[in-house]
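Q: For the sequence shown, the UniProt record's numbering gives the first residue as 1, with consecutive numbering after it.
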Amino acid sequence: MAHWSLAPESLSTFQTELMDTRAARPFSFSFNTSDYRILLMDQDQGRLYLGSREYLVALDMHNVNKEPLIIHWPASAKRKGECQMTGKGRQGECANFVRLIEPWNRTHLYTCGTGAYQPICTFINRGWRAEVKTRTFAFPPREGFTDYLFRLVPGYVDSGKGKCSYDPKQENIAVLINGNLYAGVHIDFMSTDAALFRTMGGRTAIRTEQYDSRWLNEPVFVQIQQIPDSAERNDDKLYFFFREKSLDSNGGASPSVLARVGRVCLNDEGGQKSLVNRWTTFLKARLICSVIGEDGVETRFDELRDVFIQPTQDERNPMVYALFTTAGSVFKGSAVCVYSMADIRNVFNGPFAHKHGHNYQWTEYTGKIPYPRPGTCPGGTFTPGIRSSKNFSDEAVNFIRAHPLMFHPVYPIHRRPLVVRTGVDYRYTALVVDQVDAVDGRYEVLFLGTDRGTVQKVIVLPKDPTSMEELTLEEVEVFRQQLYVSSDAGLTQVSLHRCGVYGRACSDCCLARDPYCAWDGESCSAFTPSTKRRSRRQDVKHGDPLRQCRGFNAKEKRLRETVQFGVEGSSTFLECQPRSPQATVKWLFQREGKRKLLNRAGGVLKTNHGILLKSLNQSDAGLYHCLATENNFKHTVARVALRILDRDIVLALTAQDEDEEPKTRHAGPYLQSSISSTPFPPEIRLINQYCQSYWEQINPKQQQQRKRTSRRHTESQDQADKVRGGLCETGK
């Protein structure tokens, strides 16, 4: 499950680009709502559940536009009025924003919303209609039972306090385990009381200590998940990830925001005398994600934005992928760090933090640790004789109340980030990881949402035993080869691969190093490990087309030469975009059969999309080659023949065309005579070629119509029309 926070104003451009390649399918059902959140993915029934402003939506995961099921769940008119009387509602907050959908059983979901600043919850009846009645489960449904049910249970409304925040701008995290709802929420109208809560399940509600900044200090909750610690189920713990305001941020060197991982025991019942109805096993530790630059300065990424927990064969040791950004708005930077559960557990089993000394600094606690060790679960591997947290000693309970923080931080694997982005005009906002089987092994592909409305597909490969190589494959919840992107504006279903964008050449497909794609002998197409073809070519680890595509590169079509025109004294842009972001580009200039490296001092502006030639002159006319090099493989990406038009002639003809247009209606023969007698026929031919190519690019249908019309005109008339039309277009 993932919610992608993409900028709605940029998402439409991204959708259009993907639609052109038939790789995206936006949810197009129109109704008056906003703030879409992907809240649940039900793989068994093939359903994707969305929450939005006053609506719940169930979508087909294979096709998000196939018969969407929609529930309208607004706050009452009375409640909206009461909300507006408190001064809220100027930004539309006085509505029911759906923030939680969790599976209750096979036929029901549990959902909660903000309820116009009075959180409410209820149940949803879901499933194939015959199954809901008989409480049996089968997917896909049997023939004759194709009616899917999706509706609120009538007459049932539950309080959402401790389950959902009042303010729709506050982030929630929640998970339903064995009938108990664990949630990180703000539980008051003013959003000043944040807590990790456990409700429902027939047990007394339990929470973090109230108004104690040592436990939580203005937290922003990010992710929550149950992760077992051992084979003993009484050791099971709930891990949650958040960021919070630092207690030491007084304008000094200490960061203002810190990333945290916390945990509690699932069977925690609170204390008997102290910490009554409070967690007695609550601990937290700092997450470090930083990189040291070439100048020796350490850049720390402290604002935790998203966490993706990747399962492994050992359910006790998933990999934790965490997305961070830099704090503040002056320096933009993002990073992805990966943590092992073994390292996280070692920190929680290590020393506690303690404030001591005249400066009241954090130090390692060196005193006696009470029994049972704070943070240990009752009835677990190390406390088989303690049946409940209410049996913990007063000493142990009071210690954890005053020392919830661990002294050592958690460092990422290899003590460095997996992905780093600095010096760019965007930040990462969301993260999903997918495992892909390729010819030469299994790879993990990262999909990173940005605040400018795009998604980057990134793969990280081992370069040598001590370093990694990061490759951005392309900038475009993972299930059955689909990516689901949600934003305030809507939802889009995106294919994980767009192999067609890599072209039809074996070399381009190999250099892409995309584990989803392989060259099949004719084009770059989707790769499936079960498909066996002798002609399949894929090399994710090395990306070596010289080895993989031997004998195929010679068969690739010769690159077509394009003609481009420029006017003396003006500028022109020569486009060149290699298909691989990792390729290095250089330009060669060919004139009179001699080819050399382009060296035009001060007159060339190089960009990621090509080069801008400034102040053109006749010596710039020639053939330009854009040469891309990657992994010692060189190939020409673009070949442009640049022709330079004489500035004086273009100005003269443009001025002549812009002079009193009515006169030209009565001076047709004179105009034809003037053009035919112009003493520069080579320039006229160049201008005609320019006009011809320009019209073909702008409107091919119009060009065909002009060809049919030209049969009824003389050659000189057609020439005059082209010159006047093209130069008039240029003059505009």
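Every residue gets a Cβ at the ideal spot worked out from N, C-alpha and C, and that includes glycine.
For my contact list, LYS586 and LEU597 are in at a C-beta cut-off of 8 Å; report their separation, rounded to the angstrom.
A: 7 Å
Q: For a minimum of 3 consecutive residues, which ranges assigned as the beta strand (DSSP E) are wholly contained in the region 587-638?
A: 594-597, 604-607, 610-613 and 622-630
Q: Is it right to say PRO462 is buried, meaning 16 or more other beta carbons lie within 10 angstroms of its own, or is it exposed?
A: Here PRO462 is exposed, its C-beta having fewer than 16 other C-beta atoms within 10 Å.
Q: Between the region 181-197 and the region 211-228, can you find at least three pairs of beta-carbon atoms closer than 8 Å?
A: yes
Q: Is the beta carbon of ALA518 closer than 8 Å to that of ARG536?
A: yes
Q: Do the CB positions of GLY155 and THR199 come within less than 8 Å of each other?
A: Not in contact: GLY155 and THR199 (Cβ atoms no closer than 8 Å).
Q: So what does DSSP say about ILE369, is it helix, strand or coil?
A: coil
Q: Please name the residue or residues paired with PHE573 in a DSSP beta bridge.
A: LEU612
Q: Once DSSP output is grouped into helix, strand and coil, what is the label at MET41?
A: strand
Q: Drop a sphere of 10 angstroms on the beta-carbon of LYS707, count the other beta-carbons inside from all chains shown, and report buried for 16 or more, exposed for fewer.
A: Caution is warranted here: a pLDDT of 49 is assigned to LYS707, below 50, making its placement in the model unreliable, and the coordinate value is therefore given only provisionally. Flag for LYS707 reads exposed.
Q: Please go through the same chain and pick out, in chain order, the residues whose beta-carbon is closer than 6 Å to the beta-carbon of ILE227, but skip the five residues on each side of it.
A: TYR239
Q: Ends of the beta strand (DSSP E) at SER495?
A: 491-495
Q: Just to confirm, is the Cβ distance from PHE150 to ILE224 under 8 Å?
A: no
Q: Pull up the CB-CB distance for SER256 and LYS245, whole angstroms please, since I reckon it's below 8 Å.
A: 7 Å
Q: Verify the contact flag: TYR117, CB atom, against every heavy atom of the ligand HEM, threshold strictly below 7 Å.
A: This structure lacks the ligand HEM, and indeed carries no ligand of any kind.
Q: For the putative contact between LEU546 and PHE633, defined by C-beta atoms under 8 Å, what is the C-beta separation to the nearest angstrom?
A: With 8 Å as the limit, LEU546 and PHE633 qualify as a contact, their Cβ atoms being about 6 Å apart.
Q: Looking at the structure shown, is GLY333 part of a helix, part of a strand, or coil, going by DSSP?
A: strand
Q: Helix, strand or coil for GLU93, going by three-state DSSP, please let me know.
A: coil
Q: Looking at the secondary structure, which residues open and close the alpha helix (DSSP H) in which ARG345 lies?
A: 341-348
Q: Given a cut-off of 8 Å on the beta-carbon distance, is the pair HIS403 and ALA353 in contact?
A: yes
Q: Got a sec? Which residues, its chain only, sit under 7 Å from ASN346 by beta carbon, not counting five neighbours each side?
A: Nothing meets the Cβ criterion.
Q: For the beta strand (DSSP E) containing ARG316, list its first residue and its last residue.
A: Premise fails: ARG316 is in no beta strand (DSSP E) and is neither H nor E.
Q: Any idea what DSSP makes of PHE527, helix, strand or coil?
A: coil
Q: Leaving out five residues on either side along the sequence, give the residues of the same chain with a beta carbon under 7 Å from the beta carbon of GLY89.
A: CYS83
Q: Of the choices GLU209, ASN599 and HIS108, whose alpha-carbon is the least far from that of VAL397?
A: GLU209
Q: Near TRP104, which residues of its chain fall below 6 Å by C-beta distance, leaving aside the five closest residues on each side in sequence?
A: For TRP104, where only same-chain residues beyond five positions count, the Cβ hits under 6 Å are TYR110.
Q: Would you kindly check if the distance between the Cβ of LEU446 and the Cβ of ARG458 is under 8 Å?
A: Contrary to the premise, residue 458 reads as Val rather than Arg in this sequence. Contact flag set, yes.
Q: Can you name the residues that DSSP bridges to ILE309?
A: VAL320
Q: Looking at GLU102 and ALA58, is the spacing between their C-beta atoms short of 8 Å?
A: Not in contact: ALA58 and GLU102 (Cβ atoms no closer than 8 Å).
Q: Would you decide whether GLU181 is buried or exposed? Buried here means 16 or more other CB atoms lie within 10 Å of its CB.
A: Residue identity differs from the one stated: residue 181 is Leu in this sequence, not Glu. With a threshold of 16 other beta carbon atoms within 10 Å, LEU181 meets it and is buried.
Q: Can you give the beta carbon distance from VAL410 to TYR321, rounded, assuming they're within the 8 Å contact cut?
A: Incorrect: roughly 14 Å between the Cβ atoms, too far for contact.
Q: Based on Cα-Cα distance, which residue from ASP620, ASN631 and LEU266 lies nearest to ASP235?
A: LEU266
Q: My assumption, with CB atoms under 8 Å, is that LEU431 sits in contact with LEU287. Please give the rounded CB distance.
A: Between LEU287 and LEU431 the Cβ distance is about 14 Å, and since that is not below 8 Å, they are no contact.
Q: Can you tell me which of ASP451, ARG243 and ILE413 puts its alpha carbon nearest to the alpha carbon of SER334?
A: ASP451
Q: So, do the region 636-656 and the region 561-581 have three or more beta carbon pairs nearer to each other than 8 Å?
A: yes
Q: List the residues that DSSP assigns as beta-bridge partners of SER486.
A: Bridge partners of SER486: LEU491.
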